[in-house]
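Chemist: My structure is below; once you've seen it, I'll send some questions.
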Amino acid sequence: MPTPHLTVRSGHPDFLDLPWDRPMTGWEHRRRIDLPKGISRHEVQFYGYAQGIYAIKELPLAAARQEYTVLRALEDLEAPSVVPVGLVERPWVDASEEWSAAVITVYLNHAFSYRELLSGAGFGARRNQMLDAFAGLLVELHLLGCYWGDCSLSNVLYRYDAEAIQVTMVDGETAEVRPALSDGQRRDDIEIMIVNVAGGMADIAAASGRDIDEADLALGEAIAERYHALWAEVTRLEVLHPSERYRIQGRIAAINQLGFEVGDLDLVPEEGGSRLRLHLAVTGRTYHRHRLRELTGVDASEHQARQILADLHYYEAGLRERGPVDKTLAAIRWRVEVFEPLLRRLQELPHRRTEDPVQAYTDFLHYRFVAAVEAGRDIGNDAAFDAWVAAGQPGYPLA
Ligand SMILES: Nc1ncnc2c1ncn2[C@@H]1O[C@H](COP(=O)(O)OP(=O)(O)OP(=O)(O)O)[C@@H](O)[C@H]1O
Ligand SMILES: [Mg+2]
60 MPTPHLTVRS GHPDFLDLPW DRPMTGWEHR RRIDLPKGIS RHEVQFYGYA
110 QGIYAIKELP LAAARQEYTV LRALEDLEAP SVVPVGLVER PWVDASEEWS
160 AAVITVYLNH AFSYRELLSG AGFGARRNQM LDAFAGLLVE LHLLGCYWGD
210 CSLSNVLYRY DAEAIQVTMV DGETAEVRPA LSDGQRRDDI EIMIVNVAGG
260 MADIAAASGR DIDEADLALG EAIAERYHAL WAEVTRLEVL HPSERYRIQG
310 RIAAINQLGF EVGDLDLVPE EGGSRLRLHL AVTGRTYHRH RLRELTGVDA
360 SEHQARQILA DLHYYEAGLR ERGPVDKTLA AIRWRVEVFE PLLRRLQELP
410 HRRTEDPVQA YTDFLHYRFV AAVEAGRDIG NDAAFDAWVA AGQPGYPLA
């Protein structure tokens, strides 16, 4: 067969067993896995290997190169985007042909598209969360200098993440990463999003036989509104009196409520020295995740990590009552004595509410917290676990 140019990153399969001499629409391969996916112009298929599941998208050469480059740049910036694994170029095919190239990404587990989200009974209650997560994704990308150019409902994937819904950028063909974006570029991106989202909602209404009037056509505008509020909060500079330090806390809480973290605080004396200038640096949404991995080696998503770190602090506080505590040692002991045994118990449960054990762990932590508040005292893990299972393993209230 003619030879494709395959650029594949280490730690992944070489993908040479796939029939690259033909367009993907004609492929029949034992590794192919049929999984739900969003609407797309291009052919997207999923393949299972020992290393994991991969998404392969076929598209013209220039678009494929652009997408691969952008996804690599976003990965370096730790943006919430799918992880690129390989670029396939088929030089014997005319470069403008749909099948002249392909981009391979890591399949995003436990994710679902907006269609599935909207078709669930609870969407009404989850609408606000979805809008927050969507707006947060855009703010984060813009802070990193990423102009998307095609932000839409099917170009993001949603994932339950402890009490929130997280979104991941999945389609980067039109995107560009720059040192910073101008206000005009951000405005353009938001306008494209509003039009795309309205189109997506109209499609959903049509597909389910509803009138266009019933479609939630203002969804994009609602996302834009949240985007502007979040952007303003995150990038605002504030001047404080020395006696007003408590306001720093309020500021952090406001940003946390909008789904972001504050990594650093700089208190810079202003001219005259009587007032302080507060400058917020925002770390993005990976702070707890990194901290948890660094301390314990446990991989979790951001919201899960926030809950799990709280569990670690809770455990540490218990140790401290008995004497001085070394942080590193406490983290290892927590993992061996608390986390791993509980994960095993969760995996042994005959009827599991979720297949994601870390999510189940955070559901349990939430239950234990609520139970302790109700009881007015700490509840031990064993008693809380039995009660949680007896109560049907309730998860986070998503409303
Ligand atoms: N890495 C991945 N993990 C999980 N699902 C994926 C992945 N990549 C793609 N998908 C699924 O395939 C769908 C189409 O992918 P994508 O949006 O990249 O294709 P596209 O043809 O470029 O779309 P568009 O029509 O917006 O240009 C997505 O909505 C998503 O459901
Ligand atoms: Mg797409």
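All residue numbers for the sequence shown refer to the working numbering, where the first residue is 60 and numbers rise by one. In this text, a Cβ means the ideal position worked out from N, Cα and C, and glycines have one as well. It should be emphasised that the depicted structure is a prediction, and the values quoted were computed from it without experimental measurement.
Please enumerate, following chain order, all residues with a beta carbon closer than 6 Å to at least one heavy atom belonging to ligand 4.
Modeler: Ligand 4 is absent from the structure shown, which contains only ligand 1 and ligand 2.
Chemist: Only counting the same chain, and skipping five residues up and downstream in sequence, which positions put a Cβ closer than 7 Å to that of Cys210?
Modeler: If you number the sequence shown from 1, residue 210 lands on position 151. Result list for Cys210: Leu197, Asp248, Ile251, Met252 and Asn255, in chain order.
Chemist: From Val129 to Ala121, what does the alpha carbon distance come to, in whole angstroms?
Modeler: Within the sequence shown, residue 129 is the residue found at index 70, counting from 1. Within the sequence shown, residue 121 is the residue found at index 62, counting from 1. Using only the alpha carbons, I get a separation of about 12 Å.
Chemist: Are at least three pairs of beta-carbons, each pair with one atom in the segment 98 to 116 and one in the segment 154 to 164, less than 8 Å apart?
Modeler: Touching, yes.
Chemist: What are the residues that DSSP puts in a beta bridge with Cys205?
Modeler: To locate residue 205, count along the sequence shown from 1; it is residue 146. Its beta-bridge partners are Val236.
Chemist: Could you give the DSSP three-state label for Ile438: helix, strand or coil?
Modeler: The residue labelled residue 438 in the question sits at position 379 within the sequence shown. Correct three-state label for Ile438: coil.
Chemist: Among the candidates Pro409, Pro78, Asp73 and Gly97, whose CA atom is the shortest distance from the CA of Ala109?
Modeler: Along the sequence shown, read from residue 1 onward, the residue named residue 109 stands at position 50. Comparing Cα positions, the closest option is Asp73.
Chemist: Entirely within the segment 132 to 179 and at least 4 residues each: give me those alpha helix (DSSP H) ranges in chain order.
Modeler: The qualifying runs are 173 to 178.
Chemist: Using C-beta distances below 6 Å, list every residue in its chain close to Leu203, excluding the 5 sequence neighbours before and after it, in chain order.
Modeler: For the purposes of this step, residue 203 is identified with residue 144 of the sequence shown, where counting begins at 1. Result list for Leu203: Leu136 and Ala138, in chain order.
Chemist: Using CA coordinates, which residue listed in Phe398, Leu378, Ala376 and Leu289 is at the minimum distance from Leu351?
Modeler: In the sequence shown, counting from the first residue as 1, residue 351 sits at position 292. Closest option to Leu351, Cα to Cα, is Phe398.
Chemist: Report the residue from Ala257, Glu280, Ile282 and Ala446 whose alpha carbon sits nearest the alpha carbon of Asp272.
Modeler: For the purposes of this step, residue 272 is taken as the residue at position 213 of the sequence shown. Of Ala257, Glu280, Ile282 and Ala446, the residue nearest in Cα terms is Ala257.
Chemist: What do you reckon, is the C-beta of Leu146 under 6 Å from a heavy atom of ligand 1?
Modeler: For the purposes of this step, residue 146 is taken as the residue at position 87 of the sequence shown. It does not: the Cβ of Leu146 is nowhere closer than 6 Å to a heavy atom of ligand 1.
Chemist: For the structure I just gave you, are there three or more beta carbon pairs, one from the segment 423 to 435 and one from the segment 380 to 390, closer than 8 Å?
Modeler: Segments in contact, no.
Chemist: Throw me the rounded Cβ distance for the Ser172 and Gly97 pair, which I believe falls under 8 Å.
Modeler: For the purposes of this step, residue 172 is taken as the residue at position 113 of the sequence shown. For the purposes of this step, residue 97 is taken as the residue at position 38 of the sequence shown. Contact holds; Cβ gap of about 4 Å.
Chemist: Verify the contact flag: Ala114, CB atom, against every heavy atom of ligand 1, threshold strictly below 6 Å.
Modeler: Position 55 of the sequence shown holds residue 114. True, at least one ligand heavy atom lies under 6 Å from that Cβ.
Chemist: Check each candidate in Val162, Gln125 and Glu292 and name the one with the smallest Cα separation from Tyr113.
Modeler: Along the sequence shown, one-based indexing puts residue 113 at 54. When only C-alpha atoms are compared, the closest one is Val162.
Chemist: Considering Cα atoms alone, identify which of Leu75, Glu353 and Arg427 is closest to Pro61.
Modeler: Residue numbering aside, residue 61 sits at position 2 when the sequence shown is read from its first letter. Minimum Cα distance to Pro61 is reached at Leu75.
Chemist: I think Val417 touches Ala359, with their Cβ atoms under 8 Å apart; what is that distance to the nearest whole Å?
Modeler: Sequence index remark: in the sequence shown, residue 417 carries index 358 (1-based). Sequence index remark: in the sequence shown, residue 359 carries index 300 (1-based). Contact holds; Cβ gap of about 5 Å.
Chemist: Given the structure, does Gly204 come close to ligand 1, in the sense that its CB is under 6 Å from one of the ligand's heavy atoms?
Modeler: Locating residue 204 in the sequence shown gives position 145, where the first residue counts as 1. Gly204: no, Cβ never under 6 Å from ligand 1.
Chemist: Distance, Cα to Cα, Gln452 vs Arg411?
Modeler: Residue numbering aside, residue 452 sits at position 393 when the sequence shown is read from its first letter. Residue numbering aside, residue 411 sits at position 352 when the sequence shown is read from its first letter. Each residue's alpha carbon lies about 8 Å from the other.
Chemist: Return yes when the Cβ of Ala192 is within less than 7 Å of the Cβ of Gln225, no when it is not.
Modeler: Here residue 225 is taken as the residue at index 166 of the sequence shown, counted from 1. Here residue 192 is taken as the residue at index 133 of the sequence shown, counted from 1. Yes, Cβ-Cβ distance for Gln225 and Ala192 is below 7 Å.
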